[in-house]
Every structure is written in structure tokens, then in C-alpha cells.
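These protein sequence lines map, in sequence, to chains A and B.
Just so we're aligned: 32 in my numbering is position 32 of the first sequence, and the numbers increase by one with no gaps anywhere.
With positions in the second sequence counted from 1, the corresponding number in my numbering is that position plus 1000.
From the three backbone atoms N, C-alpha and C, an ideal C-beta is built for every residue, glycine too.
Because the structure is a prediction, the values reported are computed rather than measured.
Accompanying notes for the structure given below.
Number of protein chains: 2
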Amino acid sequence: VRISELARATGVSVPTIKYYLREGLLPSGTPTASNQADYDVTHVERLRLLRTLREVGKVPVSRLRDLVAALERDGGTVHDVLATANDALSPTPPPDVDPRARALADDLVAEAGWNRVRPEAPDRDNLAAALQAVLGAVSTDAGRNVLRAYATAADRIGALDIASIAAGDRQSVLRRMVVGSAVFGEILSALRRLADEHHSALRFGDQDGERVR
Amino acid sequence: VRISELARATGVSVPTIKYYLREGLLPSGTPTASNQADYDVTHVERLRLLRTLREVGKVPVSRLRDLVAALERDGGTVHDVLATANDALSPTPPPDVDPRARALADDLVAEAGWNRVRPEAPDRDNLAAALQAVLGAVSTDAGRNVLRAYATAADRIGALDIASIAAGDRQSVLRRMVVGSAVFGEILSALRRLADEHHSALRFGDQDGERVR
Chain A
1 VRISELARAT GVSVPTIKYY LREGLLPSGT PTASNQADYD VTHVERLRLL
51 RTLREVGKVP VSRLRDLVAA LERDGGTVHD VLATANDALS PTPPPDVDPR
101 ARALADDLVA EAGWNRVRPE APDRDNLAAA LQAVLGAVST DAGRNVLRAY
151 ATAADRIGAL DIASIAAGDR QSVLRRMVVG SAVFGEILSA LRRLADEHHS
201 ALRFGDQDGE RVR
Chain B
1001 VRISELARAT GVSVPTIKYY LREGLLPSGT PTASNQADYD VTHVERLRLL
1051 RTLREVGKVP VSRLRDLVAA LERDGGTVHD VLATANDALS PTPPPDVDPR
1101 ARALADDLVA EAGWNRVRPE APDRDNLAAA LQAVLGAVST DAGRNVLRAY
1151 ATAADRIGAL DIASIAAGDR QSVLRRMVVG SAVFGEILSA LRRLADEHHS
1201 ALRFGDQDGE RVR
């Protein structure tokens, strides 16, 4: 199909498609006699993937290259690709993480039994940076118990995420993994805020006695 | 203290402090004879809150106003403020959510028993927008079971979030609630990606047989 039809089929604008072509994020089409190019189902699939990553995964354009490179790389285990995808989907950690917060993050990872997480995984620093903002509160026994409960919930979800990756050819396994990591992160965030709203209404929403002074 | 000392105490730059003052996000200081103003511990606390919301909660400057208004509003239950904070911390939902995805989101909320969530909560549409990206996969029985497990994990976490809000004066309860909602969202996202990495390494990291074709 022509580029205009490709745009119609995927909901991605022609200028954006041209940008992806220039940046090597989308493979070139097959040149046709009329000084145009012909695109096929692989282009449709790649554009849908890029659109999902941008719109749902909120992946910056600058990170798309790493993800596409991981998708196209030969060899390596599925796990190598998941680690690359995770790194591309993680926020860039701040440069000045408090060593106490980082030690707490490493403790939590160890306590959860996640002994296969790379020491250099950027999410260790992302976790530490978030912990740093509430370091007083999470350094108490009660705070530590809340963190452990979070880690337990995350462990169940992580086991489920990986168990639900179905077998298939390389491209489709990797695409599902990358999309799953981005999309299910958004699903979990939205579900948590919805659960917060419900439980807050139960505890704080009705009685005058629960009004804040 | 003077504005320069306020900047040093909070790590927020003088130009940013002046911007917050102009925008009404930070109350004015007490005027002094020397055509300057004097700031106190309430200004330090507000600036720390604003910094945490910006840096950890990734709250856009344009949303800070809603949060500060919720903090300063008289009356209303703690729950009213949590709902406002959640709305300010939620991404803006896309305008064109597929009605089937929205119906699935509403089903999930109902199945989870979250009958106190407002019909107009923007996170219903945020959940729907994420579900829309994987609608084929989550419309199967297996996909539905994964979503239910996510909702169960979110329900435990939501109950925990609300249970761990300690009593206190209005400002401190609200501050902990807003910071908690932003910061613990980041903590959960980082923990999930770390758990994914661990479980992926267990399942896919070692054996040649698990290499993707």
C-alpha cells in the first residue's frame, strides 16, 4: 500500500511516518516505478507498536531506538530483551540518590528474593529515589512492613507477567513483552489509584467524625 | 529567613521560589523593613512538598495549583481531598476511548467491589485507554484472569495505602496523602519492573532452549 493508506490504516500521520523512516525506526518500503514506495503488513505492525509505545507507554521518542534495536537484534535470550525493554521504559534515575535510600532499595530487592536483578538495573536507583522522598516514614517498622507488602504484591504480578508471555516467533514474543511491560504498568497504576479512591471513601468519605480537623 | 536561605534549606532555586510566589503556590512571606520578606517553617514545608510532587510524582506545574487548592480548602472530608489529589496525579485520559474498553474497565472496577469509585473518575478512562491497547489479549479467559489478579493486588495495596495514613492535623494528613499517592505510585512501578526482571531471568535467562527463534 502507499504511505497515505498506511497512515489511514494505523492512525499515524504521514509526517510522523516519514520521521520514523528517516530515523530508521520503520524499515523502508519497496520502491515502485512511480517514485513511491510500497508498504506491507510488517509496516502496519511496526507502526501500531510505535504508536502504542508512544501513547500508552509514554516512551520518549529518544528511547524508541533502543527498543527497536532490541527487537531487531539477533540471538540473545528473551530475558536479554526484557532487560533492555525495562531499561528503555524506566525513567532516567536522578544522579544524586542518597546512599541510605539506595541501601534500603537493595535490601528490599534482596528480601523479596529477586536475586536475578542486575546490580546496575536503573530501577534500583528509581526505587531509591522514590524511597528517598519518604525516607523518614519508611524507616520505621510500620513503614518497612508497608514496603514489604508492596514488594509481595509486585512479586505476584511479576510472576504473572512473565507466565503470561505465550510462545511464538521472536518478533511477536518481543512485541508482546515490550507492549505488556508498558501497557500493564499503566493498568496497574490506574487500578491502584482506583483502589485508593474506593478504600478512602470507605474509611474517610462518610462520617463527620472522620473530617480532618 | 530570607529567600536565599529558603532556597538553600530546600534545594529549590530562587527563580523557582519567585515563580511559585507569583503563581500563588507559595504564600507570601512577612514583609520586613528592608524591602525584603521573611519566610518561616511553613514555607520550607510547602517548598519541600512542591519539590517532591514535581520530582518524584512528576506532577506538571499546571496541576500543582489543583493540589495546593485542595490542601488549602476548608471543610470536606479527607476523602474529598484524596479524590482531588488522585485526579491531579492521573494522566489526562485520551478523548477517544473505545466504548468496549471502557465497558471492560467498568466491569473490572465492579468485579473488584470498588463501588465507591466516582463514575466520572478520570482513571476509569485511563484504565480503558491502556486496556484498549491490548484489547484482543485481555478479552480471552486467560487475559481476563490476569486482569483480575492485577485488580486483587491493587485492592490489597489500596487498602494498605489508606490504612497507613496516620491521624494528625489537616495539613499533615493531606500532605502525607498527596505525597504518598505520588511517591508510592513510583515505588510500585519500580518494584514491578524489578520483579519482572527477576522472573524473566528465572524463566528465560539461562537455557539455550528458551532462546527465541
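Item                                                                                                                   : Value
Cutoff 7 angstroms: D1155 of chain B Cβ touching any chain A Cβ                                                        : yes
Contacts of S216 of chain A in chain B (Cβ-Cβ under 7 angstroms)                                                       : Only positions 1 to 213 of chain A appear in the structure, and residue 216 of chain A is not among them; the question remains open.
Simplified DSSP state of T1032 of chain B, which is helix, strand or coil                                              : coil
6 angstroms CB neighbourhood of I157 of chain A in its chain, flanking five on each side removed                       : none
Sequence-distant residues of its chain with Cβ nearer than 6 angstroms to Y215 of chain A (five each side left out)    : Outside the shown range of chain A (1 to 213) lies residue 215 of chain A, about which nothing can therefore be said.
Assigned secondary structure, H37 of chain A (DSSP; H/G/I helix, E/B strand, else coil)                                : Going by the sequence as given, residue 37 of chain A is Ala instead of His. Residue state, collapsed to three classes: strand.
Chain B contact for V41 of chain A (CB, 7 angstroms cutoff)                                                            : no
Beta-carbon proximity list for A129 of chain A, same chain, < 8 angstroms, skipping 5 on both sides                    : P93, P94, V97 and A101
Neighbour flag for S200 of chain A against chain B, beta carbons, 7 angstroms                                          : yes
Test: V61 of chain A CB closer than 7 angstroms to a CB of chain B                                                     : no
Between the CA atoms of L1131 of chain B and L1104 of chain B - distance to the nearest angstrom                       : 8 angstroms
Per-residue contacts from G185 of chain A into chain B (C-beta, under 7 angstroms)                                     : S1189 and R1192
Own chain, CB closer than 7 angstroms to R48 of chain A, minus 5 neighbours either side, in chain order                : T10
Under 7 angstroms from the C-beta of R203 of chain A: neighbouring residues of chain B                                 : I1162
is_contact[E1045 of chain B, chain A] using C-beta, thresh 7 angstroms                                                 : no
CA-to-CA distance, D80 of chain A to G180 of chain A, given in whole angstroms                                         : 16 angstroms
Span of the alpha helix (DSSP H), counted from its first residue to its last, around T16 of chain A                    : V14 to R22
Under 7 angstroms by beta carbon: chain A residues contacting V1146 of chain B                                         : L160 and S164
Beta-carbon proximity of A1182 of chain B to L1089 of chain B, cut-off 7 angstroms                                     : yes
D123 of chain A: contacting residues in chain B (beta-carbon distance under 7 angstroms)                               : A1190, R1193 and L1194
Reference S62 of chain A, options A:D123, A:T42 and A:E23, closest by Cα                                               : A:E23
Neighbourhood of R1124 of chain B by C-beta, 6 angstroms cutoff - its chain only, sequence neighbours within 5 removed : A1105
N- and C-terminal bounds of the alpha helix (DSSP H) containing R1144 of chain B                                       : D1141 to A1163
Whether G205 of chain A touches T1077 of chain B by CB criterion (7 angstroms)                                         : yes
Under 7 angstroms from the C-beta of V1117 of chain B: neighbouring residues of chain A                                : L194, E197 and H198
I17 of chain A versus I3 of chain A - alpha carbon distance                                                            : 8 angstroms
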